[in-house]
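Q:
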Amino acid sequence: MTSNDQLADLLEEFADLLDATGVEYKPRAYRRAAENVRAYPESVADLAARDDEDALDDIEGVGEAIASKLIEYVETGEIAELDELRAELPVDMAGLTSVEGVGPKTVGKLYEALGITTLDELEAAAEAGEIQEVKGFGAKTEQNILDNVDFARQAGERELLGDAYPQGQRVREYLQSVDGVVECELAGSLRRWRATIGDVDVLVASDAPEDVVDAFTNWDDADVHIEAGTSKASVRSDGVRVDLRVVVPEEFGSALQYFTGSKDHNVALRNRALDRDLKMNEYGVFDVSSEAEPASGRPTESGSGDDQRAGERIAGDTEESMYDALDLPWIPPELREDRGEIEAAENGDLPDLLGLADVRGDLHTHTVWSDGNDSVADMVAGAAAFGHEYVAITDHATGPGMVGGVGVSDDELLDQLEEVRDVAAEVEIEVFTGVEANVDAEGGISVRDEVLEELDLVVASPHVALDGDGTERLVTAAKHPEVNVIGHPTGRYLNRRPGLDVDVERLASVAADHGTALEVNANPARLDLGDEAIRAAIDAGATIAIDTDAHRPANFELLRYGVHTARRGWAEPSDVLNTWSTADVRGFIS
DNA sequence: GCCGTTTTCGGCCCGACTGTTTTCAGTCG
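Numbering (the numbering used here), first residue to last: 54 to 643.
Put into structure tokens, the structure is as follows:
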């Protein structure tokens, strides 16, 4: 069945092709429809497949014409009109528009003038100096294309949080050292700690914006200079696009709120403001009740550039003031996805979110006994140095998914037990003996029960057959009396494979009944379970374990990614096994 | 092509930046 994403992609291609052929307004309608189809909570293809003309009526921006095209696609696998457009403009639209500065209209013009259809042809034309000969193009545009075409070829993927976060910290530290910078914060999806990041957004408060832009473009780590004006600039650093915006200190709070997003959260807040005769934007919250024509619901066209700041400004110097003006408490960035957080805030029901300092231990680590880099003693010392009160040693067991002799056999596991106990006797922190066993395709565990019984803690993780529905298999594992934690339940690898489909509600309710925790693997390539699954799991009553899967002591630092992902899943400290005391954890796993 | 307390026509979000212009179009967020 066709996913909403696929249908939305088709509508967007439609929009781009219309745009490239110079059609007005229709492209916007198709893009809006695409956006709403993508975000629609039910399967649009299912609705379209119904023998009901009005089935698609509820989707904003989808009218008669677009609805009939969606139905045509679901029934026949094609849209005749789209095929005609493709024939008229046979270009690799997605590839070509992935070049920074090249949009649909440019694609249309270059096809018209030079017959360019692919990235390779675009590059060849630029190298041959043909592009600057086209009317409306010049030498700079041609050079920009040459500069960006390679990046466009390799890009197309969002950056992992674990790569973007250190990048963000570096730029923030640098800007904080710049003269005239009053405040500096990361914004955008990085501040919301999304698992993947489009670009790094950084916001500065300063009365000398041009000096800040200047310092930013001269940053040592800025490899490519994309653009720079008087109040904003963009560079590429280590392959990541970094966008700077500078505002005056009085507007820092409103700008931070605006640029943190998400878009959906901000739209919902803006509507709430309108209900109160207020206007909310990146410059503040304004009382427009005394403005002319209040009944029209929109400000008058004065023609001045200050329309955005019309009315009496009642908030904006801090983020708190923005929310307060709408009678809401401040909402943590991780929750700002329009997933019910505004309603919860209104009712005083916002979760008391877990913090990094609440976590007391790590229940999933590896040593040289399997594929880790360090000894049991070094990993335990690393956990203690990180500040943990307890740590579990859970090396890979041999079995399905373990290749190249990585996992330990049952006999080796028993040998390792003695070493772990010896180390444990020498240190202050609590050390749990354990294993990361493999869950086979049927839900079986790769270590004999008698051996599992000897261990304090058993993490059971899927490492093979990581596609299709994994619910029953994981349910079987979660019911196993010796299994305490289901490790990285879906087996996903961000940007590489989606992992198992899991009915989280069902898995979580079984896990809750059998005293099994579900892992949030903090490795930034995994972040598994992900935010929405975490929330579903907690709602179904399951306990969460946030573990780093550390293969060396430095990996204990990855905990932050797991904690913030759990915050995105509305997790409170009590939901998380490894915020509990040593005695309580012992109680849970015994 | 969509939409409506402006309701069957006439609008459609908008500001910053760049590169090409000689007053503006295209891209981006």
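Glycine included, C-beta positions come from ideal geometry on N, C-alpha and C.
Bear in mind the structure is a predicted one, so any value in this text is a computation, not a measurement.
1) I'd like to know whether the C-beta atoms of residue 281 and residue 266 end up nearer to each other than 8 Å.
2) For the putative contact between residue 623 and residue 388, defined by C-beta atoms under 8 Å, what is the C-beta separation to the nearest angstrom?
3) How about residue 603 and residue 570: are their beta carbons less than 8 Å apart?
4) Taking the runs of the alpha helix (DSSP H) that are 4 residues or longer, which of them lie wholly in the segment 124-181?
5) Expressed to the nearest angstrom, what Euclidean distance is found between the alpha-carbon atoms of residue 245 and residue 611?
6) Do residue 589 and residue 564 have their beta-carbon atoms positioned less than 8 Å apart in this structure?
7) Whose C-alpha, out of 629, 217 and 513, is nearest the C-alpha of residue 447?
8) Any idea what DSSP makes of residue 357, helix, strand or coil?
9) What separation, rounded to the nearest whole angstrom, lies between the Cα atoms of residue 351 and residue 114?
10) Spatial neighbours of residue 451 within its chain, please: CB distance less than 6 Å, with the 5 preceding and 5 following residues excluded, ordered by chain position.
11) Report the rounded CA-to-CA distance for residue 206 versus residue 149, giving the unit in angstroms.
12) Which term fits residue 358, buried or exposed, when burial requires 16 or more other beta carbons within 10 angstroms of its beta carbon?
13) So, at 6 Å on beta carbons, what are the nonlocal neighbours of residue 574 in its own chain, with the 5 sequence-adjacent residues on each side left out?
14) In whole angstroms, give me the CA-to-CA distance for residue 97 and residue 620.
15) Kindly list the residues whose CB is nearer than 7 Å to the CB of residue 625, restricted to its own chain and excluding five residues on each side of it in sequence; keep chain order.
16) So, using beta-carbon positions, are residue 395 and residue 325 closer together than 8 Å?
17) When the distance is taken between beta carbons, is residue 504 closer than 8 Å to residue 466?
18) Please specify which runs of the alpha helix (DSSP H), each continuous and at least 4 residues long, are wholly inside the segment 562-599, giving them in chain order.
19) Does the segment 139-148 touch the segment 164-177, meaning 3 or more C-beta pairs lie closer than 8 Å?
20) What are the boundary residues of the beta strand (DSSP E) that residue 254 is part of?
21) Is the beta carbon of residue 368 less than 8 Å from the beta carbon of residue 337?
22) By Cβ distance, which residues of its chain are closer than 8 Å to residue 285, with the 5 residues on each side in sequence left out?
23) Can you tell me where the alpha helix (DSSP H) with residue 239 in it begins and where it stops?
24) Going by the CB atoms, is the gap between residue 443 and residue 635 shorter than 8 Å?
25) What residue range is occupied by the uninterrupted alpha helix (DSSP H) comprising residue 199?
26) Does the beta-carbon distance from residue 545 to residue 579 come in below 8 Å?
27) So residue 123 and residue 60 are in contact, right, with Cβ under 8 Å, and what is the actual spacing, rounded?
28) Per DSSP, what kind of secondary structure is residue 454 in: helix, strand or coil?
29) What are the start and end residues of the beta strand (DSSP E) that includes residue 607?
30) Out of 455, 553, 520 and 217, which one is the CA nearest neighbour of residue 490?
31) Put residue 494 into one of helix, strand or coil per three-state DSSP.
32) Quick one: grab the DSSP three-state call for residue 332.
33) CA-CA distance, residue 129 and residue 99?
34) Considering only residues of the same chain and omitting the five flanking positions on each side of residue 182, which have a CB-CB separation below 8 Å?
35) DSSP beta-bridge partners for residue 634?
36) Helix, strand or coil: which one does DSSP assign to residue 337?
A: Per the coordinate set shown:
1) Between residue 281 and residue 266, the C-beta spacing is below 8 Å.
2) Yes, residue 623 and residue 388 are in contact; Cβ-Cβ is about 7 Å, under 8 Å.
3) no
4) Within the segment 124-181, the runs of alpha helix (DSSP H) at least 4 residues long that lie entirely inside it are, in chain order, 133-141, 146-150, 157-167 and 172-180.
5) 17 Å
6) Between residue 564 and residue 589, the CB-CB gap reaches or exceeds 8 Å.
7) 513
8) Low per-residue confidence applies at residue 357: pLDDT is 35, beneath 50, and the placement is therefore not dependable enough to give any value.
9) Low confidence applies here, because residue 351 scores a pLDDT of 36, under 50, leaving its location unreliable; read the following figure in that light. So the two alpha carbons sit approximately 21 Å from each other.
10) 460 and 462
11) Spanning the two alpha carbons is a distance of roughly 9 Å.
12) Confidence in residue 358 is poor, its pLDDT being 40 and thus under 50, which makes the residue's placement too unreliable to answer from.
13) 541, 581 and 602
14) When rounded, the distance between both Cα atoms is 30 Å.
15) 404, 405, 406 and 407
16) yes
17) yes
18) 584-592
19) With the cut-off at 8 Å, the segment 164-177 and the segment 139-148 touch.
20) 253-258
21) yes
22) 266, 296, 297, 298 and 299
23) Here residue 239 belongs to no alpha helix (DSSP H); instead the beta strand (DSSP E) covers 236-240.
24) yes
25) 192-207
26) The Cβ-Cβ distance between residue 545 and residue 579 falls below 8 Å.
27) 6 Å
28) When secondary structure is reduced to three states using DSSP, residue 454 falls in the coil class, being assigned neither helix nor strand.
29) Looking at the DSSP string, residue 607 is not in any beta strand (DSSP E), and its letter there is neither H nor E.
30) 455
31) Three-state DSSP puts residue 494 in coil, outside helix and strand.
32) strand
33) 14 Å
34) 195
35) Residue 634 is not bridged to any residue.
36) strand
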